[in-house]
Amino acid sequence: MFDHLNSLPADPILGLLATYRADENPNKIDLGVGVYKDEAGHTPVLQAVKQAETRLLQSEETKAYVGPAGTPGFNTAMQELVLGAGHPALVANRVRSAQTPGGCGALRVLAEFADRAKKGATIWVSDPTWANHVPLLGNAGLEIKSYPYYDRATSSLQFDAMVETLKNVGEGDLVLFHACCHNPCGADLTREQWHVLVEMAQKQGFTPFIDMAYQGFGDSLGDDAYGVRLMAESVPELLVAASCSKNFGLYRERVGMAMVVYNDAAAADKGQSQMLNVVRGNYSMPPNHGGAIVESILTDASLKANWEAELTEMRERINSLRSGVVESLAAAGAPGDFSFIQRQKGMFSFLGITPEQVQKLQQDYSIYMVDSSRISIAGLSQSNMEYFCQSVAEVLG
Ligand code: PMP
11 MFDHLNSLPA DPILGLLATY RADENPNKID LGVGVYKDEA GHTPVLQAVK QAETRLLQSE
71 ETKAYVGPAG TPGFNTAMQE LVLGAGHPAL VANRVRSAQT PGGCGALRVL AEFADRAKKG
131 ATIWVSDPTW ANHVPLLGNA GLEIKSYPYY DRATSSLQFD AMVETLKNVG EGDLVLFHAC
191 CHNPCGADLT REQWHVLVEM AQKQGFTPFI DMAYQGFGDS LGDDAYGVRL MAESVPELLV
251 AASCSKNFGL YRERVGMAMV VYNDAAAADK GQSQMLNVVR GNYSMPPNHG GAIVESILTD
311 ASLKANWEAE LTEMRERINS LRSGVVESLA AAGAPGDFSF IQRQKGMFSF LGITPEQVQK
371 LQQDYSIYMV DSSRISIAGL SQSNMEYFCQ SVAEVLG
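With the sequence shown counted from 1, adding 10 to any position gets you the numbering used here.
Structure representation (structure tokens):
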């Protein structure tokens, strides 16, 4: 039965990682994989997570099933993290959610949920968008179309072109936005632009779907949620896929939240029964450990303060690397203006070089990035910055 299956090409990022690992050059740099790294190149377990785990180990009394939505404590705390405590949609009892296996689990559950509401509904995604959006949303039955977003020629957002395309999108279609720290391009919507999109959603009736994988990695927990919070109080219906992978450093524990804002409480109860039924038919219920860590951190003032301090440290390191790389590229004499890297947010930016130049950096300098020239900023450090910038300058020069 399986003999006729052909093997698929390896995931480009995982393939790149394997080549990087086999490379013996002591100066090698991995800018491919999208996980946060500290100055020493490690992805540490956060102290707040360790503290929460120690407590859980002592206090946990059962491993009995939790249920398809995860715990109420997790959901309440996460809804408040995303929307802010006292948000009008929470007060109006219009919000329902479920803990999911990562942000990916949330995207998939929400896509299947949307497909139940409207079979084969169209979802508009940014060009470019995170590559995994296509299978996560498309395999659930949604039809994917794209709107212009990033202009490679100017290394910036092309908002006018985005609006031009989206102005023809109406009721029954979904539009996917990145809440902050756009993956792969790092170019985020401004507050004014979010307001324009809110007005369009209100007027045209499309349903916004926001992927929030990096809350706290851009400007702050609150600033990064500006668009989500505005949408949630301004439009009748909204889908949000939140991930705890980056901001809690819980990648492999697989923690996220699928959240829906409904028209009213009655619609919310009906909708939630459908969403939990989608969960039941996929993986029945989420794993507990990572969700319990998040709940424990968010519901304890001192753990929460520790976590926020660590999150701030990660964000500030990324932001200082962003300014550092702009300065060092200029100092190394790299031709061109790279100041856009400083204006962009989160883990990623496109360097804006050709695939041939990307290949040359890999072959001659052991600097690894995907062909699109997307770099994972946290892979840089004070110790490899000069080597990286010199190498780029030589390849471009
Ligand atoms: N959305 C985006 C844009 C992402 O970059 C990621 C992580 N790479 C996710 C969602 C989901 O990540 P996870 O399933 O690991 O939480």
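All C-beta atoms in this analysis are idealised placements derived from N, C-alpha and C, irrespective of residue type, glycine included. Since we're looking at a predicted model, the values are computed, not measured.
The alpha helix (DSSP H) spanning residue i covers which residue range?
i, result
"residue 350", "350-353"
"residue 393", "Taken as a continuous stretch (DSSP letters only), residue 393 belongs to no alpha helix (DSSP H), as it is neither H nor E."
Return helix, strand or coil for residue i, following the three-state DSSP convention.
i, result
"residue 192", "coil"
"residue 260", "coil"
"residue 139", "coil"
"residue 155", "strand"
"residue 378", "strand"
"residue 384", "strand"
"residue 248", "strand"
"residue 169", "helix"
"residue 12", "coil"
"residue 17", "coil"
"residue 415", "Residue 415 is absent from the model: the chain starts at 11 and stops at 407."
"residue 338", "helix"
"residue 330", "helix"
"residue 255", "coil"
Output the boundary residues of the beta strand (DSSP E) element that contains residue i.
i, result
"residue 23", "Per DSSP, residue 23 belongs to no beta strand (DSSP E); it is in the alpha helix (DSSP H), 22-32."
"residue 365", "Segment 365-375 is the alpha helix (DSSP H) holding residue 365; no beta strand (DSSP E) there."
"residue 359", "358-360"
Can you tell me the Cβ-Cβ gap for residue i and residue j, rounded? I've got them flagged as a contact below 8 Å.
i, j, result
"residue 358", "residue 386", "6 Å"
"residue 110", "residue 267", "6 Å"
"residue 345", "residue 406", "5 Å"
"residue 184", "residue 124", "6 Å"
"residue 153", "residue 132", "5 Å"
"residue 26", "residue 378", "5 Å"
"residue 227", "residue 193", "Actually they are not in contact, since the Cβ atoms of residue 227 and residue 193 sit about 10 Å apart, beyond 8 Å."
"residue 156", "residue 137", "4 Å"
"residue 333", "residue 396", "Incorrect: roughly 15 Å between the Cβ atoms, too far for contact."
"residue 242", "residue 52", "Residue 242 to residue 52, Cβ: 36 Å. No contact."
"residue 315", "residue 46", "With 8 Å as the limit, residue 315 and residue 46 do not qualify as a contact, their Cβ atoms being about 20 Å apart."
"residue 300", "residue 260", "5 Å"
"residue 163", "residue 238", "Their Cβ separation, rounded to whole angstroms, is 30 Å, which puts residue 163 and residue 238 out of contact at 8 Å."
"residue 191", "residue 160", "Actually they do not touch by this definition, with Cβ atoms about 14 Å apart."
"residue 265", "residue 304", "6 Å"
field: Contained beta strand (DSSP E) runs [length at least 3] in the region 34-115, N- to C-terminal order
entry: For the region 34-115, whole beta strand (DSSP E) runs of length 3 or above, ordered along the chain, are 105-110.
message: Taking contact to mean 3 or more Cβ pairs, one atom from each stretch, closer than 8 Å, check whether the region 110-126 and the region 248-260 are in contact.
response: yes
- request: Let me know the alpha helix (DSSP H) ranges lying completely inside the region 260-323, each 4 residues or longer, listed in chain order.
  value: 275-292, 299-308
message: Extract the residue ranges of the alpha helix (DSSP H) inside the region 174-236, only unbroken runs of 4 or more that lie entirely within it.
response: 201-214, 231-234
field: Inter-stretch contact at 8 Å, needing at least 3 Cβ pairs: the region 271-280 / the region 96-111
entry: yes
Touch test, the region 339-354 against the region 79-97, Cβ-Cβ under 8 Å, three pairs minimum: Touching, no.
query: Hey, is the region 324-341 in contact with the region 77-86, meaning 3+ C-beta pairs nearer than 8 Å?
result: no
- prompt: Taking contact to mean at least 3 C-beta pairs separated by less than 8 Å, is the region 307-320 in contact with the region 139-154?
  reply: Flag = no, the region 307-320 and the region 139-154 do not touch.
query: For the region 57-70 against the region 392-406, are there 3 or more C-beta pairs whose distance is under 8 Å?
result: no
- prompt: With a cut-off of 8 Å, do at least 3 Cβ pairs link the region 196-204 to the region 212-219?
  reply: no
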